[in-house]
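There are 2 protein chains.
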Amino acid sequence: MATIRDVARAAGVSIATVSRVFNDHTLVNPETASRVLEIATKLDYWPNGAAQSLTTRRTQTLGVMLPELFGEFYSEVIRGIDRQSRAHDYQILLSSSHSNGEEVLIAGRAMLGRIDGLIMMAPDEASIETVERVRRRVPVVLLNPRIEVEGCCSVAFENFSGARAAVAHLIGLGHRDIAMITGPQGNVDAEERLRGFRRALADAGLDPEAAAIIPGDFREAAGYEAGVTLLARRPWPTAVFAANDGMAVGLLAALAAAGKRVPRDIAVVGFDDIAMAAYLNPPLTTVSVDACGLGQRAVDLMMGAIESGPTGGSLRQQLPAVLVVRQSCGSDITGTGMLEQTAGDGGAVRRGRK
Amino acid sequence: MATIRDVARAAGVSIATVSRVFNDHTLVNPETASRVLEIATKLDYWPNGAAQSLTTRRTQTLGVMLPELFGEFYSEVIRGIDRQSRAHDYQILLSSSHSNGEEVLIAGRAMLGRIDGLIMMAPDEASIETVERVRRRVPVVLLNPRIEVEGCCSVAFENFSGARAAVAHLIGLGHRDIAMITGPQGNVDAEERLRGFRRALADAGLDPEAAAIIPGDFREAAGYEAGVTLLARRPWPTAVFAANDGMAVGLLAALAAAGKRVPRDIAVVGFDDIAMAAYLNPPLTTVSVDACGLGQRAVDLMMGAIESGPTGGSLRQQLPAVLVVRQSCGSDITGTGMLEQTAGDGGAVRRGRK
DNA sequence: TTGTATGCGTTATCAT
DNA sequence: ATGATAACGCATACAA
Chain A
1 MATIRDVARA AGVSIATVSR VFNDHTLVNP ETASRVLEIA TKLDYWPNGA
51 AQSLTTRRTQ TLGVMLPELF GEFYSEVIRG IDRQSRAHDY QILLSSSHSN
101 GEEVLIAGRA MLGRIDGLIM MAPDEASIET VERVRRRVPV VLLNPRIEVE
151 GCCSVAFENF SGARAAVAHL IGLGHRDIAM ITGPQGNVDA EERLRGFRRA
201 LADAGLDPEA AAIIPGDFRE AAGYEAGVTL LARRPWPTAV FAANDGMAVG
251 LLAALAAAGK RVPRDIAVVG FDDIAMAAYL NPPLTTVSVD ACGLGQRAVD
301 LMMGAIESGP TGGSLRQQLP AVLVVRQSCG SDITGTGMLE QTAGDGGAVR
351 RGRK
Chain B
1001 MATIRDVARA AGVSIATVSR VFNDHTLVNP ETASRVLEIA TKLDYWPNGA
1051 AQSLTTRRTQ TLGVMLPELF GEFYSEVIRG IDRQSRAHDY QILLSSSHSN
1101 GEEVLIAGRA MLGRIDGLIM MAPDEASIET VERVRRRVPV VLLNPRIEVE
1151 GCCSVAFENF SGARAAVAHL IGLGHRDIAM ITGPQGNVDA EERLRGFRRA
1201 LADAGLDPEA AAIIPGDFRE AAGYEAGVTL LARRPWPTAV FAANDGMAVG
1251 LLAALAAAGK RVPRDIAVVG FDDIAMAAYL NPPLTTVSVD ACGLGQRAVD
1301 LMMGAIESGP TGGSLRQQLP AVLVVRQSCG SDITGTGMLE QTAGDGGAVR
1351 RGRK
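Protein sequence lines, in the order shown, are assigned to chains A and B.
Residue 240 in this note's numbering sits at position 240 of the first sequence; the count goes up by one each step and never skips.
This note's numbering runs 1000 ahead of the 1-based position in the second sequence.
Structure, rendered in structure tokens:
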């Protein structure tokens, strides 16, 4: 491949001039510049990225580490990062699906010297060491971190309050026996949503410990299975809060398969508000978070951190999680007979109205 | 940051020895090695990636260029690439959402010198120039290419036959008036699926030109709108083939909103078989493609190409697209009265059985 | 406006 | 087994 030297020789100039042409640094004689450009095109020359970053100590690349990469949520986060990165002339080095701290460490090391910053999603305890290590060299922005890291910016969704609002909505509708399908063990978002669920119950004077908690993993199948499990119980809950939309879809399927109608027989709320949520049958009431926006915001914070150097502060941003009411929860069930109906159906004790 | 020189000095050895320790090249004296490693750890040293790739001419990185990045399909492709890349100790440099050839060119240039190979999805005419340019330096693997490029491996889904099978299924069920919602203009997959649709019609002696073709863009909203459009016509079709599952979901929603039952009133088929397809209401009959597998296969081809150098041949692989029959198409409508029912409902001329 | 020379951090060749 | 040193391809301070 042609190097800067080849171009310089062919154009009869020094490599410094060629370099200047490609970085339009100092004013180069227009004639010289056009001749160099012409030769460069003919030789199919373009500056070698690795060499550039070695001298400039800039890679124009952002590292991105994700815990997982399935479903629309993560995909949207990447989309946001990708879009905003390009806007700032940065590329992204992606690495995902790390099951443990060891893998994260390896991935982090491989990125050293190749990135100007690292955007890391939902780091767990095992990843903190890697974060600290990387942080000594380049800025790190955390996405939905379990624990904040000194000197790192972070941006997170209001998982807790979003979940709380969703469940409060259910309670406001008259529901008292509400179950939840949780996300994967160890996932911060999942835990925060569970916490919001419990808080909403407690807020209403209900016993969080008495509520049915079905473990899930954010995938459709888990929601389906949870539905089957829930339906096997007596009495079954009048409403279910799924920790994400994917599981809500699975749950909806299980309910439909069992002949249950939503929201008439059982109300369902999800979380994430994926593109399909509004088009489900019934349209899913869920908590909307702007995954794409999260990625964009992370890049913005990163740009700031890169600009300000290692002295940059550590901003903590919170992105809203707002309840979007559609049709999967129906309206006030008090007095509609749903409570009795369900209880009677399950052969259990009739529950009170209030 | 500590460099190889710092470690060498602190350990009282030459930089060559430190390098050997980190590349366990030649046998280094165990004692020396452990001392070097100890010092390196203390100094938090790790080889600089940019410098490494400058000397070795290897970046251990694969470039990935995608036309879009929304929905589960692209996300799954990336997942497959990511997973398989890691298995081969490669990282991925991602770039997506290129609206035109100019952007592709810029993205391609930015990758020069930073990648050992490029995996490019669905390149259009405007991208071919970039492909050719990149190809002179590193191997290129094309995903679902519109036109094959000399010297490039490629792997594609059998879009055409998959679509053909889906529509043939509908025809086998007795449907004669089948509409299609297409993908975005210029998208190869979309065009191939449309071609398969038409072929299936022709195969059955039906007139492809007479079928309703509603333009779409792969997003849910387009499917919904298409549904509204279709329902406004008289007579409306007895079946609809959506070019992807996302639009099928939108269509299903429009149908439900209009009080139409699927498959009783109208049959629906999708394409992609996303994770949610089986959990929709009704479970969606669709054409299954292994997006994740596509990514993995691409990486495998890439590894082969990198091994064999520029002399490597250009393998062309086809991945199956198989029809998965679920419940959105129902069973044979001949004799069930659906044909007459529909025609009568629309106030149109009664169509014949055959 | 242009050229010379140095260094970026590493691997690899050739000695020792 | 280890060391000295030359690339790798480029940007840039300094000189002209």
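Where is the CB? At the ideal position from N, CA and C, for every residue including glycine.
Bear in mind that the values here come from a model prediction, so they are computed numbers and not experimental data.
At what residue ranges does the segment 215-283 of chain A contain a whole run of the beta strand (DSSP E), taking only runs of 3 or more? Counting whole runs of 3 or more residues, the segment 215-283 of chain A contains the beta strand (DSSP E) stretches 239-242 and 267-269.
At least 3 beta-carbon pairs within less than 8 Å: the segment 197-208 of chain A vs the segment 271-280 of chain A: No, because fewer than three Cβ pairs between the segment 197-208 of chain A and the segment 271-280 of chain A fall closer than 8 Å, the two stretches do not touch.
Please tell me whether A/Gln-84 has its Cβ less than 8 Å away from any Cβ of chain B. Mapped onto the first sequence, residue 84 of chain A falls at position 84. By this cut-off, A/Gln-84 is not an interface position.
Am I right that A/Cys-153 and A/Ala-305 are in contact with their C-beta atoms under 8 Å? What's the rounded C-beta distance? Residue 153 of chain A sits at position 153 when you count from the first residue of the first sequence. Residue 305 of chain A sits at position 305 when you count from the first residue of the first sequence. So it is a contact: roughly 6 Å between Cβ atoms.
On the premise that B/Arg-1058 lies in contact with B/Asp-1116, defined as a C-beta separation below 8 Å, what is that separation, rounded to the nearest angstrom? Along the second sequence, read from residue 1 onward, the residue named residue 1116 of chain B stands at position 116. Along the second sequence, read from residue 1 onward, the residue named residue 1058 of chain B stands at position 58. Contact holds; Cβ gap of about 6 Å.
Whose CA, out of B/Pro-1263, B/Tyr-1045, B/Phe-1241 and B/Arg-1219, lies closest to the CA of B/Glu-1072? As a first step, residue 1072 of chain B is located in the second sequence; it is residue number 72 there, counting from the start. Here the closest residue by C-alpha is B/Arg-1219.
Residues within the segment 69-83 of chain A neighbouring chain B, beta-carbon criterion of under 8 Å: Taking 8 Å as the Cβ-Cβ cut-off, the segment 69-83 of chain A approaches chain B at Leu-69, Phe-70, Gly-71, Glu-72, Tyr-74, Ser-75, Glu-76, Ile-78, Arg-79, Asp-82 and Arg-83, given in chain order.
By the criterion of Cβ-Cβ separation under 8 Å, what are the contact partners of B/Met-1276 in chain A? Against the second sequence, residue 1276 of chain B aligns to sequence position 276. Glu-220, Gly-246, Val-249 and Met-276, listed in chain order.
Starting from A/Asn-100, find everything on chain B with Cβ-Cβ shorter than 8 Å and list it in chain order. Stepping through the first sequence from its first residue, residue 100 of chain A is reached at position 100. Near A/Asn-100 there are no residues of chain B at all, since even the closest Cβ is about 13 Å away, more than 8 Å.
With DSSP collapsed to three states, give me the class of A/Ala-2. As a working note, residue 2 of chain A is residue 2 in the first sequence. Here A/Ala-2 carries a coil assignment [DSSP, helix/strand/coil].
For B/Thr-1056, does the three-state DSSP call read helix, strand or coil? For this step, residue 1056 of chain B is matched to residue 56 along the second sequence. If DSSP states are grouped into helix, strand and coil, B/Thr-1056 belongs with the helices.
Flag this pair as yes or no: are the beta carbons of B/Asp-1245 and B/Leu-1294 separated by less than 8 Å? Locating residue 1245 of chain B in the second sequence gives position 245, counting from the first residue. Locating residue 1294 of chain B in the second sequence gives position 294, counting from the first residue. Result no, Cβ atoms of B/Asp-1245 and B/Leu-1294 do not sit closer than 8 Å.
Run through DSSP, which three-state label would B/Ile-1181 get? Sequence index remark: in the second sequence, residue 1181 of chain B carries index 181 (1-based). In the three-state reduction of the DSSP assignment, B/Ile-1181 falls in the strand class, which pools E and B.
Fully enclosed by the segment 49-94 of chain A, which alpha helix (DSSP H) runs are 4 residues long or longer? If you keep only unbroken alpha helix (DSSP H) runs of at least 4 residues inside the segment 49-94 of chain A, you get 49-56 and 71-87.
Leaving out five residues on either side along the sequence, give the residues of the same chain with a beta carbon under 7 Å from the beta carbon of B/Tyr-1090. On the second sequence, position 90 is the one that residue 1090 of chain B refers to. Residues Gln-1060, Thr-1061 and Leu-1062 of the same chain have their beta carbon placed closer than 7 Å to that of B/Tyr-1090, with the five preceding and five following residues left out of the count.
Contact set between A/Gly-172 and chain B, taken where Cβ atoms lie within less than 9 Å: In the first sequence, residue 172 of chain A corresponds to position 172, counting from 1. The premise fails here: A/Gly-172 is roughly 26 Å from chain B at the closest Cβ pair, so nothing lies under 9 Å.
Sort out for me which residues DSSP pairs A/Cys-153 with in a bridge. Walking along the first sequence from the start, residue 153 of chain A turns up at place 153. In the DSSP secondary-structure assignment, A/Cys-153 is bridged to A/Val-141.
Would you check if the distance between the CB atom of B/Ser-1075 and the CB atom of A/Ser-75 is smaller than 8 Å? Locating residue 1075 of chain B in the second sequence gives position 75, where the first residue counts as 1. Locating residue 75 of chain A in the first sequence gives position 75, where the first residue counts as 1. Yes.
When we look at the beta-carbon of A/Gly-309 and count the other beta-carbons within 10 Å, is it buried (16 or more) or exposed? Your numbering for residue 309 of chain A matches position 309 in the first sequence. Exposed.
Grouping DSSP H, G and I as helix and E and B as strand, with all else coil, what is A/Ser-14? Counting from one through the first sequence, the residue named residue 14 of chain A turns up at place 14. DSSP places A/Ser-14 in coil when its eight states are reduced to three.
Partners in chain B for A/Arg-326, counting only beta-carbon separations shorter than 9 Å: Taking the first residue of the first sequence as position 1, residue 326 of chain A is located at position 326. The contacting residues do not exist; A/Arg-326 stays about 11 Å from chain B at best.
Can you tell me whether A/Glu-294 is helix, strand or coil according to DSSP? Counting from one through the first sequence, the residue named residue 294 of chain A turns up at place 294. It should be noted that the sequence gives Leu, not Glu, for residue 294 of chain A. In the structure shown, A/Leu-294 sits in a helix (DSSP, three-state: H, G or I).
Express the C-alpha separation of B/Val-1141 and B/Ser-1127 in angstroms, rounding to a whole number. Indexing the second sequence from 1 puts residue 1127 of chain B at position 127. Indexing the second sequence from 1 puts residue 1141 of chain B at position 141. If you take the alpha carbons of B/Ser-1127 and B/Val-1141, they lie about 13 Å apart.
Closer than 8 Å is the cut-off here; do at least three beta carbon pairs connect the segment 1104-1112 of chain B with the segment 1039-1049 of chain B? By the Cβ test, the segment 1104-1112 of chain B is not in contact with the segment 1039-1049 of chain B, since fewer than three Cβ pairs between them sit closer than 8 Å.
Between B/Gly-1113 and chain A, is any beta-carbon pair separated by less than 8 Å? Within the second sequence, residue 1113 of chain B is the residue found at index 113, counting from 1. Yes, B/Gly-1113 lies at the interface with chain A (some Cβ there is under 8 Å from its Cβ).
Do the CB positions of A/Val-299 and A/His-88 come within less than 8 Å of each other? Within the first sequence, numbered from 1, the residue matching residue 299 of chain A stands at position 299. Within the first sequence, numbered from 1, the residue matching residue 88 of chain A stands at position 88. Yes, Cβ-Cβ distance for A/Val-299 and A/His-88 is below 8 Å.
8 Å Cβ shell around B/Val-1018 - same chain, five flanking residues per side excluded: Reading the second sequence from its first residue, position 18 is the one you call residue 1018 of chain B. For B/Val-1018, same chain residues with a beta-carbon under 8 Å away, outside a window of 5 residues either side, are Ile-1004, Val-1007, Ala-1008, Ala-1011, Val-1036 and Ala-1040 in chain order.
Minimum Cβ-Cβ distance from B/Gly-1001 to chain A less than 8 Å: Reading the second sequence from its first residue, position 1 is the one you call residue 1001 of chain B. According to the sequence shown, residue 1001 of chain B is Met rather than Gly. Proximity of B/Met-1001 to chain A, defined by a Cβ-Cβ separation below 8 Å, is satisfied.
9 Å Cβ cut-off: residues of chain A touching B/Thr-1059: For the purposes of this step, residue 1059 of chain B is taken as residue 59 along the second sequence, with counting starting at 1. Residues of chain A passing the Cβ test: Gly-49, Ala-50 and Arg-114.
Assign A/Gln-185 to buried or exposed, taking buried as 16 or more other Cβ atoms, counted over all protein chains shown, within 10 Å of its Cβ. What you label residue 185 of chain A is simply residue 185 of the first sequence in a count that begins at 1. By the neighbour-count rule (16 or more Cβ atoms within 10 Å), A/Gln-185 is not buried but exposed.
Return helix, strand or coil for A/Leu-27, following the three-state DSSP convention. Sequence index remark: in the first sequence, residue 27 of chain A carries index 27 (1-based). When DSSP states are grouped into helix, strand and coil, A/Leu-27 belongs to the coil group.
Run of the alpha helix (DSSP H) containing A/Leu-105, from where it starts to where it stops: Looking up residue 105 of chain A in the first sequence gives position 105. DSSP places A/Leu-105 in the uninterrupted alpha helix (DSSP H) bounded by 101-111.
Would you mind telling me which residues of chain B sit closer than 8 Å to A/Ser-127, beta carbon to beta carbon, in chain order? Numbered from 1 along the first sequence, position 127 holds the residue referred to as residue 127 of chain A. Ordered by position in chain B, no residue passes the 8 Å Cβ test against A/Ser-127, which lies about 16 Å from the chain.
Indicate whether A/Thr-286 and A/Ile-266 have their beta-carbon atoms separated by less than 8 Å. Against the first sequence, residue 286 of chain A aligns to sequence position 286. Against the first sequence, residue 266 of chain A aligns to sequence position 266. Their beta carbons are not under 8 Å apart, which means A/Thr-286 does not touch A/Ile-266 by this criterion.
Would you say A/Asp-345 lies against chain B (beta-carbon separation less than 8 Å)? In the first sequence, residue 345 of chain A corresponds to position 345, counting from 1. Unreliable placement is indicated for A/Asp-345, whose pLDDT of 38 sits below 50; no coordinate value is reported for it.
Distance, Cα to Cα, A/Ser-288 vs A/Val-325? Mapped onto the first sequence, residue 288 of chain A falls at position 288. Mapped onto the first sequence, residue 325 of chain A falls at position 325. Distance from the CA atom of A/Ser-288 to the CA atom of A/Val-325, rounded to whole angstroms, is 10 Å.
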